[in-house]
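The structure under discussion appears below in the form of structure tokens.
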Amino acid sequence: MMKRKLICAVSVLLSAWALAVPAWAQNGGVYLDPNRSDRLLRRAMIMNANQVETDITNHGTIARGNDSPIGGVWPRGTGHDHIHEMTGFIAAEVVDKNGQAIRIISDGYRDAGGSGGEIDPVTNISYKFHPLPGYFKVAPGQDDLANSLNPSSWPEAWPGKDQTWSGRWNGYFGLNQIFADQEVLYVMDDSWNKEFQFYPFVDRPDWQGLGMQIETRLFQWAHPLAKDILFIHYQVSNIGEHTYNINDSKIFFGGYADIGPGGRGTTDDNAAFRQDLNLVYGWDNDNIGVWQRNREIPPGYLGWKFLESPGLGDDGVDNDNDGLLDERRDNEAGNLVFGPVGKYGDPKEHWSGDEDGDWNAGVDDVGSDGAGPLDEGYPGPDADGTEGNGRPDQGEPNFGKTDNDESDQVGLTSFTAPLFGTVNVTDEEGMWPRIQPDYFTVPQQAVNQYWIFGSGPFNLPPRKTERFSTCWVFGADEVALFRSAEVAQRIYDSDYRFARPPRQPKLTAIPGNGKVTLIWDELAELSRDPIYSRDFEGYRLYRSTDPQFRDAKEITDALGNALFRQPIAQFDLANGLTGPHPLQYGEEIGAPTGIHFYMGDDTGLQHYFIDEDVINGRTYYYALTSYDKGYDDDFFDRGLADSPFLFRITPSESPAAITVADGVITRVDQNTAVVTPNPPASNLDPGSTDVGSLLHHSAGPATGEIGIQIVAPDLLKDESFRVSFGTVRGTTAVEFETSTVTVVNESTGDTLAANREIPLNISTAKYQRAWTTEFLQKGFVLTFENEFPTRELALSESGWEAGRRTNLVASVAPLFDTSPLWPVSFVLEFSDEVGVDTAFTSNTGRITRPVNFKVYELNSNTPLDFVISEKVGQEEGKITAGEVAYLVFKPTPSSTRYNPAWAVKFDPPLDENGLPLPESEWVLPRQGDTFVVRNRIPFSERDRFGFSTISGKLRANATAAVLSNVRVVPNPYVVASILEQQPYLSGRGERFIRFINLPAQCTIRIYTVNGDLVRALEHNGFANGTERWDLTTKDGLEVAYGLYVYHLEAPGIGEHVGKFAIIN
């Protein structure tokens, strides 16, 4: 009873606290969980996706001390443990409630020196890290921590995530982003560390420790280069109300480990430290292990490498020597700037919040969930509007919390290797001097060692987050160990990511506000090479601010010759031909140049691209090329070519050129475009849809979704559309696959897509579950997310409806392993009386029996055939425990027997110990009890989706207020502008300023301060809210430097007066 009261009290208090502090939700893209840890949720699992095999726990440790021998086993499967136990820790100096300065260490370590005995005498809870609820699935037989390899370990809903994340991996890089071969996630806090009288929460005396919440991720890659590495990433958030800083309340992150390269119990550890590599490494002194298994394998070299430290983003010092000051990972995008990006490249245009300048709108603008349209499990555009918004957002690749370089790290500041028994992690006063800055000691040799390293101090105010990353590396010798350490550093630095060419596609560029939409036709895909037949492979898109594309990045061959330019986007057939082409350029003629054409990534073809890495008012030049497959000896066998035994050849790329003569553009190829992005008229309501981003499902049982992306708002008309589907039969009469989609313009009667076949998945030969259909001439793209039933989802998503009276346990599964996964959701509705429906008593369908429940399809209420399987001697037509009801269907219309499908099994209720209750305590289903089987259902002929597009329109009631945002850019104009063409096309080059945020129609008159009219400009631009002035008078003369006044008159709206300066 006491335990139940304690839990209830904690729950009530926690709820009140969560309501009082809405800032829990987000912090620089980091979710701060309002829940508290629970020691009963402690779990451990073995992680062994590569050659490093080890126990890990969800309370902060690698290996489990004396509780398990699987601690840093290397190589995997040998039983050769190298780590006794390791924990990350957080240490701080604070003032307790009595005014005394004290040191507190929060950690997860259990074993050495009796540290595992630090237990609260009142709660019997140890003063250690404990896991938060909700980060792994609690179910019988499921003991894993949440990890990417085991979907059954994932919770039904991820804390802090909406329902689109359910059933998908909560990856470091976002929704369903699985980069490592195995990734493990858990969250813990130190709120039960009650050893000292320090209270990080003013109104929460029960929550102690240092007020820290730690999201922990572990990564393993099986690639040969990374097979001997285990990565550990700590994301530490101050959820308390105490401010830690580098002066009067210092805080440190660190690691504490008991190592044993020769196995547990050995006392002849050797160690060395390479400060230049942030690496401590050890080996067994006599190279003889104590293991009884695989003794022919000598002990390995073990390394603990420090990768990431907290940052100091406000001290004006380049702490990590990367050429940048005070980088941060919790900032916003900021503004577009041109400037240095430190050691990460030459000065470039980038967002000020993306300090290292590596965020690329063409590939990284996937939104805060980290998932883009080409990713598996993509749920559609982000509801918060971050996807495709042209600026970096927290959660996107190469920005903020996912970009390691955007932190001004303090680095590794201390390391020591004390002898066993001399200092324990629980000994705050013994630990504190050993983690101070510049405390580095030379390890003793042939002794039993601990390893301790620290990083700090740094600032950590409330609701802020810092990160701390390490890795364990192994090798057979020092050389192999250093190689693994170098690979680990590279992985961390990468943020843990004579034939005829095809015809030129026709490219169209549509300017927008801070973006350019590019669309093209499919002409190139119909190209036919006279020798290699239809060998089209993909598209490459290039961008430049120079018509000759001189500022596009060049790619040279081994001889230093510029052979390619780097595209900003590439789309290729999903046919398995990916990466560098098998042949080097020149190899087909015996003169290889050391460079391979990059064939793409099997992205699938796309005929539009929205470039949001642009600046309004600046002119851009685009080229879209098509390229073919080339040919290698195995292409015919791989299905990549129509004929065998052709001449091996490297790929060909279509030409693309903009012709310039005497500084003037004289010709533009059809696959090139010149465009200047600008905002639309200020009194324009741009084109949109009536459904937002998801189509309205007007009829049918399908559970999938159809998203809509507006790629060209200017092309939208006032029209309505209907989407329907066709199917093909599956293995049985009740199974089917969605095979075609039809889109009809209901306003005109035109059919945009008539039974268009859905693309096939090349690996399964089945229709894709997610695909895109483009309607670019209409200005939009539809994205389809189809769903199919699974045993697991049927079991997890089905259940008794609220308000049930029965206590029977019901579960759903196919009756037999061979039974079909019938895509139907259905209801079992019970009554008090027998006779509300009849059931078959067997699959023959010849005998029926009245029953006290009916079975019908969810939503449509269509009755379904079913069989009741009752206990012998209890054939009463009433469900009880031990009985089954299952759906049946006829395999063919003329069949005389039925085949079984989904079965609902009813079992006795269980007591609190999981044991069946006696029959006297059973409550059988009765009136008002409803069991619903919910399945994922694919699109079919029964489904209809609809939406309408709305054309852009000028607001008839616009007032003079829309003129208040009119601006002159740049102002002042100083000699030149970044928006002007460089190098100059002719003479001294173009010179201009822009009037922006203009209404669709207006007159701009420019005067000197003396009132003399200099120039009058007439602006007419429905989609363009910008007017350029070339700094010449009405007589064609260049204006003088000085101050000017402009008067803007917009018919039906009003007038506006402003000024600008031109400075020499």
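The sequence shown maps to residues 0 to 1063 in numbering that gives the first Met the number 0.
C-beta atoms are modelled at their ideal positions from N, C-alpha and C, and glycine is treated no differently.
Just so we're clear, the structure is a prediction, and the values are computed from it rather than from any experiment.
Between A752 and the rest of its own chain, which residues show a CB-CB distance below 7 angstroms, the 5 nearest in sequence each way excluded?
-> V740, T741, V742 and T772
Through-space distance from L459 to N244, alpha-carbon basis = 6 angstroms
Quick one: complete alpha helix (DSSP H) runs, 4+ long, within the segment 743-810?
-> 790-796
Examine the ligand GDP and report whether any of its heavy atoms sits within less than 7 angstroms of the Cβ of D550.
-> This structure does not include the ligand GDP; it has no bound ligands of any sort.
From D836, R804, Y855 and T1031, residue whose alpha carbon lies closest to that of V922 | R804
Exposure of S642, with buried meaning 16 or more beta-carbon neighbours within 10 Å | exposed
Sequence-distant residues of the same chain with beta carbon closer than 6 angstroms to W157, five excluded per side | W164 and N169
Just grab the DSSP bridge partners of F251 for me.
-> A90
Separation of Y538 from P579, as counted between CA atoms | 15 angstroms
Quick one: grab the DSSP three-state call for N397.
-> coil
Counting only runs that start and end within the segment 492-541, where is the beta strand (DSSP E) found for 3 or more residues in a row?
-> 506-511 and 514-519
Give the secondary structure of S152 by DSSP, where H, G and I count as helix, E and B as strand, and everything else as coil.
-> helix
Straight-line CA distance for K870 to E940?
-> 40 angstroms
C-alpha distance - E874 paired with L820, whole-angstrom precision | 28 angstroms
Residue from V674, A656 and T675 whose Cα sits closest to the Cα of R666 | A656
Sequence-distant residues of its chain with Cβ nearer than 6 angstroms to F570 (five each side left out) | G537, Y538, T602, L604 and Q605
If you count every other CB in all the chains shown that lies within 10 Å of the CB of K304, and 16 or more means buried, which is it?
-> buried
Minimum C-alpha distance to A270 - residue among P546, P130 and Y280 = Y280
Per-residue burial, E354 [other beta carbons within 10 Å of its own, 16 or more giving buried] = buried
Taking the runs of the alpha helix (DSSP H) that are 4 residues or longer, which of them lie wholly in the segment 420-473?
-> 427-430
For D267, the three-state DSSP class (helix, strand or coil) = coil
Any idea if F1059 is buried or exposed, counting beta-carbon neighbours within 10 angstroms, 16 or more meaning buried?
-> buried
Whole runs of the beta strand (DSSP E) within the segment 883-914, excluding any shorter than 3 residues = 883-888 and 898-906
Where Y185 sits in the DSSP three-state scheme | strand
Limits of the unbroken alpha helix (DSSP H) element including A360 = A360 to D363
The segment 80-88 touching the segment 51-66, judged by at least three CB pairs closer than 8 angstroms | yes
Under a Cβ-count criterion, where at least 16 other Cβ atoms within 10 Å of its own Cβ denotes burial, should Q393 be classed as buried or exposed?
-> buried
Residue burial classification, L131 (beta-carbon count within 10 angstroms, cutoff 16) | buried
Assign Y126 to one of two classes, buried (16 or more other C-beta atoms within 10 Å of its C-beta) or exposed (fewer than that).
-> buried
Starting from Q873 and walking both ways along the beta strand (DSSP E), at which residues does that stretch end?
-> Taken as a continuous stretch (DSSP letters only), Q873 belongs to no beta strand (DSSP E), as it is neither H nor E.
Between the C-alpha atoms of I1052 and D689, what's the straight-line distance to the nearest angstrom?
-> 28 angstroms
Cα-Cα, which of E428, S947, T1025 and G159 is closest to N744?
-> S947
Does the segment 805-816 touch the segment 717-735, meaning 3 or more C-beta pairs lie closer than 8 angstroms?
-> no
Starting from the C-beta of P297, find all residues in its chain whose C-beta is less than 6 angstroms away, skip the five residues before and the five after it, and write them out in chain order.
-> N286
Since A360 contacts G384 with CB under 8 angstroms, what's their CB separation in whole angstroms?
-> Contact doesn't hold; Cβ gap of about 15 angstroms is too wide.
A698 and I936: beta carbons closer than 8 angstroms?
-> no
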